[in-house]
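Undergrad: In our numbering, the protein residues as written are -11 to 122.
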Amino acid sequence: MELTRRDALAAAVLPLLYAITGKAQGPQNTPVLTHDLPNLSMDDWQVTVSQITYPPGHVGTAHRHPGFVLAYVLEGEVVAKVSGSAEATYRPGQMFYEHPGSTHEVSKNASATKPAKFLAFIFAKKGLSLTTPA
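(1) In the DSSP assignment, what residue or residues form a beta bridge with T119?
(2) Specify the secondary structure class of E86 as computed by DSSP and reduced to three states.
(3) Quick check: what's the CA-CA separation for L118 versus G14?
(4) If you run the structure through DSSP and keep just helix, strand and coil, what is A98?
(5) From the DSSP output, read off the bridge partner residues of S38.
(6) Check the DSSP bridge columns for A59 and list the partner residues they point to.
(7) Let me check understanding here. Comparing Cα to Cα, which of L28, E75, R52, A112 lies closest to N97?
(8) Run through DSSP, which three-state label would A76 get?
(9) Do A68 and S95 have their CB atoms nearer than 8 Å?
(10) Take T101 and list the residues in its own chain whose beta-carbon comes closer than 7 Å to its own, dropping the five residues that flank it on each side.
(11) If you count every other CB in all the chains shown that lies within 10 Å of the CB of R79, and 16 or more means buried, which is it?
(12) Are the beta-carbon atoms of F124 and H92 separated by less than 8 Å?
(13) For V66 versus F109, is the C-beta distance shorter than 8 Å?
(14) Which of helix, strand or coil does DSSP assign to T49?
This is the structure in structure tokens:
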């Protein structure tokens, strides 16, 4: 197949026309979670980001974190209940928040057949144990 001058011109001009008319796809910014943070000094704090994988049917025990936690679900469904909130099921792309020292009362995989994965962003003072039994 031979490329004609008209085809070459179309290949060069069409992307420019798309850009000029605003039809080109750009990055999208979609807020996933907005939550007030505690009023505290973050001197000597650090963030630890861990990927947590719950095997099928996993049911965790009640626990606490010394700082605040942001959790982002990557895969599967995670059921969580943090003190002061209702039990909820979070799906990929959703997040939940844990206040410093709150009790994570329910922490489980919603599926008996598929794993669930999420990222836990734990903000806490350096040197503290990140998870303790409730």
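Glycine is no exception: its CB is placed at the ideal position from the N, C-alpha and C atoms.
TA: Result, derived from the coordinates:
(1) Within the sequence shown, residue 119 is the residue found at index 131, counting from 1. Paired residues: none, contrary to the question.
(2) In the sequence shown, the residue the question calls residue 86 occupies position 98. The answer is strand: DSSP assigns E86 an E or B state.
(3) Within the sequence shown, numbered from 1, the residue matching residue 118 stands at position 130. Within the sequence shown, numbered from 1, the residue matching residue 14 stands at position 26. Roughly 38 Å between the two C-alpha positions.
(4) Your numbering for residue 98 matches position 110 in the sequence shown. A98 falls in the coil class under three-state DSSP.
(5) Locating residue 38 in the sequence shown gives position 50, where the first residue counts as 1. According to DSSP, which records beta bridges pairwise, S38 is partnered with A108.
(6) The count along the sequence shown starts at 1 and reaches residue 59 at position 71. A59 pairs with F84, A108.
(7) Working through the sequence shown from its first residue, we reach residue 97 at position 109. Taking only the C-alpha atoms, the option nearest N97 is E75.
(8) Taking the sequence shown and counting its residues from 1, the one referred to as residue 76 is at position 88. It is a strand residue.
(9) Here the question's residue 68 lines up with position 80 in the sequence shown. Here the question's residue 95 lines up with position 107 in the sequence shown. Yes, the pair counts as a contact, with Cβ atoms nearer than the cut-off.
(10) Your numbering for residue 101 matches position 113 in the sequence shown. Only P44 meet the Cβ criterion.
(11) Locating residue 79 in the sequence shown gives position 91, where the first residue counts as 1. Flag for R79 reads exposed.
(12) Any question about residue 124 goes unanswered here, given that the chain covers just -11 to 122.
(13) Position 78 of the sequence shown holds residue 66. Position 121 of the sequence shown holds residue 109. No; because the gap between Cβ atoms is not below 8 Å, this pair is not in contact.
(14) Locating residue 49 in the sequence shown gives position 61, where the first residue counts as 1. Coil.
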